[in-house]
Amino acid sequence: MGAPWLDSPVMLHSSRMDHCKLNPEQCAYRNGFWRYWYQADHRFALTTVYFVIGAIGLVTVGNVLSRISTKPRAVSSPTRRIVAILRYFTYRSFRLPWIGSYTSPLSYLLLGAAGTIFFFGLTFGPKPYYWPITASFGSSPPLATRTGWMAVALLPFVLALAAKANLITLVTGISHERLQASAPE
1 MGAPWLDSPV
11 MLHSSRMDHC
21 KLNPEQCAYR
31 NGFWRYWYQA
41 DHRFALTTVY
51 FVIGAIGLVT
61 VGNVLSRIST
71 KPRAVSSPTR
81 RIVAILRYFT
91 YRSFRLPWIG
101 SYTSPLSYLL
111 LGAAGTIFFF
121 GLTFGPKPYY
131 WPITASFGSS
141 PPLATRTGWM
151 AVALLPFVLA
161 LAAKANLITL
171 VTGISHERLQ
181 ASAPE
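In C-alpha cells, the structure reads:
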C-alpha cells in the first residue's frame, strides 16, 4: 500500500553529482564556475551571505571600537581626524529642496550603493543570462537561478531584522527603528 500522491519511490539519499550527456565542448561550457546549476546555491547564495555578514561585521567593529575607546583622554590629531571623517559619513544628510525633505545619512546611502552594485554585478556579471537553444543545459535559465538563490540567501536576514530585539541590533548597536527606517527622524 503506497501513498496515492507519490508516483515514484522516495529516495532517502541523493547526490549532487550528475553525468553530462552532451558533447564534451558543451559539457565544459555548462560546468563553468558560475554556470554549473548543481552548485548555483553555493556560488550565489553563499556569496550573498558573505556580503551581508561583511557589512554587519564592519558596523560591528565600529560599534566595538566606539565602546572601548575612552572619551575624556587626550587623543592624537590623526585619531581625531579619523573619528571626524567617520562621524561625517555617519551623520551627514543632504537637503532635497524639490521634495522638501532630507536624505538618509551618507553611510546608509553608501551601504545601499554598495549593495546595489554588488547585487547587480552578481546578477548581470556572469553570463549567459539564458541557456543556448541548441543544447539542453537545464530547465531554469541562469538569470532566474542566480537571483532566486540570492533572494533565498537574504531571507534569514529579513527574518532576523523583523523583531524588535534581534541579534543584529545587539552586535551593531543600531536600534531596530534605525535599522528599519527609510529616512532619518
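Residues in the sequence shown are numbered from 1 upward in steps of one, following full-length UniProt numbering. Glycine included, C-beta positions come from ideal geometry on N, C-alpha and C.
CB P97 to CB W34, shorter than 7 Å?
-> no
Which of the three DSSP states, helix, strand or coil, is assigned to Y102?
-> strand
CB-CB under 6 Å to V59, same chain, minus the five flanking residues each way: which ones, in chain order?
-> T172
Counterpart residues of L96 in DSSP-defined beta bridges | S101
Pair within 7 Å by beta-carbon distance, W149 and F44 | yes
Taking all protein chains shown into account, do 16 or more other C-beta atoms lie within 10 angstroms of the C-beta of R81, making it buried, or fewer, making it exposed?
-> exposed
Measuring CB to CB, does S107 end up less than 7 Å from F89?
-> yes
Helix, strand or coil for L22, going by three-state DSSP, please let me know.
-> coil
Take the Cβ of T116 as the centre, count every other Cβ of all protein chains shown within 10 Å, and call the residue buried at 16 or more, exposed below.
-> exposed
Measure the CB-CB distance between T123 and T147 and report whether it falls below 7 Å.
-> yes
Provide the residue span of the alpha helix (DSSP H) that contains S77, from first to last.
-> 77 to 91
For T48, collect the residues of the same chain with a Cβ closer than 6 Å to its Cβ; drop the 5 residues on either side in sequence, then sort them by chain order.
-> M150, A153
Of the listed residues Y36, P24, Y29, nearest to S140 (C-alpha basis) | Y36
Just the Cα atoms here: how many angstroms apart are Q39 and I68?
-> 42 Å
Does DSSP put R30 in a helix, a strand or coil?
-> helix
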